[in-house]
Amino acid sequence: MATNPTFQLFSSSNDKSSSQGLGFFDSPEPPRPPPPPPVEVLSSEVSSSSVAFTVDKVNIGDVTLLKGRVNTKEVFGLPNSDLVPGVYEGGLKLWEGSIDLVKALEKESQTGNISFSGKRVLELGCGHALPGIYAYLKGADAVHLQDFNAEVLRCLTIPNLNANMSEKSPSDSVGDTEVRFFAGEWSEVHQLLPLVNVGETDKKGGYDVILMAETIYSISAQKSLYELVKRCLAYPDGAVYMAAKKYYFGVGGGTRQFLSMIEKDGVLASTLVSEVKDGSSNVREVWKLSYKS
């Protein structure tokens, strides 16, 4: 694994060394290795993990969630700051977009623009899964969590969900939510996801809400991501909430490029939900995508 090129992708929420948070790659993306086959990861598999897991509290406006922490070197044999495209996609770090997305969802919930009660939710590229956990705690009927790496789900996502569940009082009515975990690349993982539209004329299935944070940094993977979203989004009222940087310098990804692709396709409409300017030369945004009427 040491022969794979590694990159610093963008600043994480707990990375104090990158004051600019610009998201530079030092060079264009190299060809990616063949992805691992998609697989469903069972929550019982976490018991076999020997990786050390600790938690910190994260205050997100009026919401307090737990953020798990594991050592990237212990899980993947990589330094904590590294990402290996096609091998490890940064799922063990808590990225800024996840925080932005939870803040936006809380505001949308408070203003009545969204309710998770009884909804079927899919979080793509989940990592810590804070947005998915938020939906779980808000009464979603089903929460399905996807990440590229099965190791991320076993060592971080599942323990982090369990830690947040243990913080809730027995009176909280969140015990009936169906939670499942799926690992795999976006062009293939639909083979396992239970709520996928069979074809263009069959849109009875699908997820009511799709959540994704910091998923569009790789321009080479954006088309697969968008096709997966269209396969999975319930019609006609499904909604996607996407948090990302306006630009990911060096690789061409970002909200402008991704939204341009969506506009040309003509299926979904986009609405800006929130914008975050933190003093750097880049801007973070949260967008809502929904079917055109």
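Here the UniProt record's numbering is used: position 222 in the sequence shown is 222, and no number is missing along the way.
Each residue gets a CB set at the ideal place from its N, CA and C atoms; glycine is no exception.
These numbers come from a predicted model, not from an experiment.
Could you tell me which residues DSSP puts in a beta bridge with residue i?
i           : result
residue 64  : 59
residue 288 : 241 and 271
residue 54  : 69
residue 183 : 39 and 147
residue 92  : BP columns for residue 92 are empty, so no partner.
residue 178 : 142
residue 123 : 145 and 211
residue 253 : 248
May I ask you to report which of helix, strand or coil DSSP gives residue i?
i           : result
residue 21  : Low confidence applies here, because residue 21 scores a pLDDT of 36, under 50, leaving its location unreliable; read the following figure in that light. Coil, per DSSP.
residue 137 : helix
residue 190 : helix
residue 130 : helix
residue 276 : strand
residue 259 : helix
residue 196 : coil
residue 97  : helix
residue 75  : helix
residue 84  : strand
residue 264 : helix
residue 117 : coil
residue 281 : coil
residue 106 : helix
residue 44  : helix
residue 201 : Interpretation of residue 201 is limited by its pLDDT of 48, a score under 50 that renders its predicted location unreliable; the figure taken from the coordinates is listed afterwards. Coil, per DSSP.
residue 293 : coil
residue 206 : coil
Write down the C-beta distance between residue i and residue j rounded to the nearest angstrom, noting that I regard them as a contact closer than 8 Å.
i           : j           : result
residue 158 : residue 50  : The Cβ separation is near 14 Å, so there is no contact.
residue 161 : residue 179 : 7 Å
residue 151 : residue 75  : 5 Å
residue 291 : residue 238 : 7 Å
residue 214 : residue 255 : Incorrect: roughly 11 Å between the Cβ atoms, too far for contact.
residue 148 : residue 89  : 4 Å
residue 232 : residue 196 : 6 Å
residue 139 : residue 116 : 6 Å
residue 112 : residue 141 : Residue 112 to residue 141, Cβ: 19 Å. No contact.
residue 212 : residue 153 : Actually they do not touch by this definition, with Cβ atoms about 16 Å apart.
residue 122 : residue 262 : Not quite, the Cβ-Cβ distance comes to about 18 Å (not below 8 Å), so this is no contact.
residue 60  : residue 99  : 6 Å
Notebook entry, point to check: Which ranges does the alpha helix (DSSP H) cover as unbroken runs of at least 4 residues, wholly within the segment 211 to 248, from first to last along the chain?
Noted result: Complete alpha helix (DSSP H) runs here, min 4: 222 to 232.
Check: Between the segment 229 to 247 and the segment 273 to 286, are three or more C-beta pairs nearer than 8 Å?
Finding: In short, these stretches touch, since the Cβ pair count reaches three.
Checklist line | Inter-stretch contact (C-beta, 8 Å, three-pair minimum) for the segment 93 to 112 and the segment 123 to 133 | finding: With three or more CB-CB distances shorter than 8 Å, the segment 93 to 112 counts as touching the segment 123 to 133.
Notebook entry, point to check: Three or more beta-carbon pairs under 8 Å between the segment 60 to 75 and the segment 153 to 168, yes or no?
Noted result: Under the 8 Å Cβ criterion, the segment 60 to 75 counts as touching the segment 153 to 168, having at least three qualifying pairs.
Note to self: Could you tell me which whole alpha helix (DSSP H) segments of length 4 or greater appear in the segment 147 to 173?
What the structure shows: Those alpha helix (DSSP H) runs which fall completely within the segment 147 to 173 and span 4+ residues are 158 to 166.
Note to self: Does the segment 76 to 95 come into contact with the segment 223 to 237, if we say contact requires no fewer than three beta-carbon pairs (one atom in each stretch) closer than 8 Å?
What the structure shows: Flag = no, the segment 76 to 95 and the segment 223 to 237 do not touch.
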